[in-house]
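One structure is given below, encoded as structure tokens.
Residue numbers (the numbering used here): 1203 to 1493.
Next comes the structure, spelled out in structure tokens:
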């Protein structure tokens, strides 16, 4: 079995050769493994990363860079088979009690049942904006692309470039929006069988461990924040590439696709949960049915 140090050397040997292909993702250059020891591995010349979970521990990684607005893409292949009790989180987050956060969370399930894709948006430490979906494909059989577009006007969640959710900037009516805290990219695979599958009624089957999720083709077309300044504040040529996501919204085809996803595959929407908000739904819920 190849040791972690040997794998690191292999990645270092490949680093110069693939540096020009940054758009395809270089996990050694772009990310730090933060926990889980050998359960997290960088493979295939730094082009793929795997996270594993066993009964002793899960694992996770985070980006070396912090970002303030951008488009983040990652291809992910989720845990196959009986994944009940497991959660694979992939999200942007700042730090502290008033943190901002933009979440994808994949809640495992029994073999043959669909994954639940859980989304949320935190701003100034406040979340409670959950929407959940089933997917129109099996996310364990192949890699699929999960994207976050985050600009000053809106956040768009996309799956294989199909919009599934939009959270608009409605600071004008008092709704906090993530707009001034740089965020890193995080991912983790962990055990949450107290709530993840059927409200915790189905527990993790440890005879199926280790559970493994795979990541590849990371791309960040985004503003990197370093020492308090943003790369998007410069006049560099690379900055010209950011214009698409900075103004990105949904055209007619995108709005139709969003409606299709939400009508056919949404299984929970906080904006429809009047029992949860007896004093009235949050103000952003009144602006659009498709948020």
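Glycine included, every Cβ here is placed at the ideal spot set by N, Cα and C. Since we're looking at a predicted model, the values are computed, not measured.
Annotation: the continuous alpha helix (DSSP H) that includes residue 1463 extends over 1454–1467. DSSP lists no bridge partner for residue 1282. By the neighbour-count definition (other C-beta atoms within 10 Å, threshold 16), residue 1340 is an exposed residue.
DSSP places residue 1264 inside the beta strand (DSSP E), whose first and last residues are 1261–1265. Contact between the region 1233–1241 and the region 1298–1318 is absent, with fewer than three C-beta pairs closer than 8 Å. In the DSSP assignment, residue 1305 falls outside any alpha helix (DSSP H) and lies within the beta strand (DSSP E) extending over 1303–1309.
Assigned with DSSP and collapsed to three states, residue 1472 falls in helix. As a beta-bridge residue in DSSP terms, residue 1276 pairs with 1348. DSSP places residue 1332 outside both helix and strand once states are collapsed to three, so it counts as coil. By the Cβ test, the region 1406–1421 is in contact with the region 1275–1286, since at least three Cβ pairs between them sit closer than 8 Å. Excluding residues up to 5 positions away in sequence, 1268, 1269, 1294, 1295, 1296 and 1302 lie with their Cβ nearer than 7 Å to the Cβ of residue 1385 in the same chain. Contact check for residue 1264 against residue 1348 fails: the beta carbons are separated by 8 Å or more. Looking from the CA of residue 1256, the closest CA among 1480, 1391 and 1451 belongs to 1391. Just so you know, the alpha carbons of residue 1292 and residue 1305 end up roughly 6 Å apart. Per DSSP, residue 1258 is not a residue of any alpha helix (DSSP H), being assigned neither H nor E.
Judged by DSSP secondary structure, residue 1229 falls within the alpha helix (DSSP H) whose first and last residues are 1229–1232.
For residue 1447, the enclosing alpha helix (DSSP H) starts and ends at 1445–1448. Here the region 1323–1332 makes no contact with the region 1449–1464; the two share fewer than three CB pairs at distances below 8 Å.
In this structure residue 1363 is exposed. Its beta-carbon is surrounded by fewer than 16 other beta-carbon atoms within 10 angstroms.
A direct Cα-to-Cα measurement between residue 1489 and residue 1240 gives close to 47 Å. Residue 1378 is positioned such that its CB atom lies closer than 8 Å to that of residue 1328.
Rounded to whole angstroms, the gap between the alpha carbons of residue 1433 and residue 1383 is 15 Å. Residue 1281 and residue 1482 have their C-alpha atoms some 38 Å from each other.
For the pair residue 1372 and residue 1478, the Cα-to-Cα distance works out to about 21 Å.
Counting only residues of its own chain and dropping the five nearest sequence neighbours on each side, residue 1427 has a CB closer than 7 Å to the CB of 1268, 1269, 1270 and 1384. Cβ-Cβ separation between residue 1334 and residue 1469: approximately 5 Å, consistent with a contact (criterion under 8 Å). Residue state for residue 1342 is assigned as coil, using DSSP reduced to three classes.
In this model, residue 1290 and residue 1402 are separated by some 16 Å (Cα to Cα). Check the Cα spacing between residue 1248 and each of 1231, 1262 and 1259: the tightest is with 1231.
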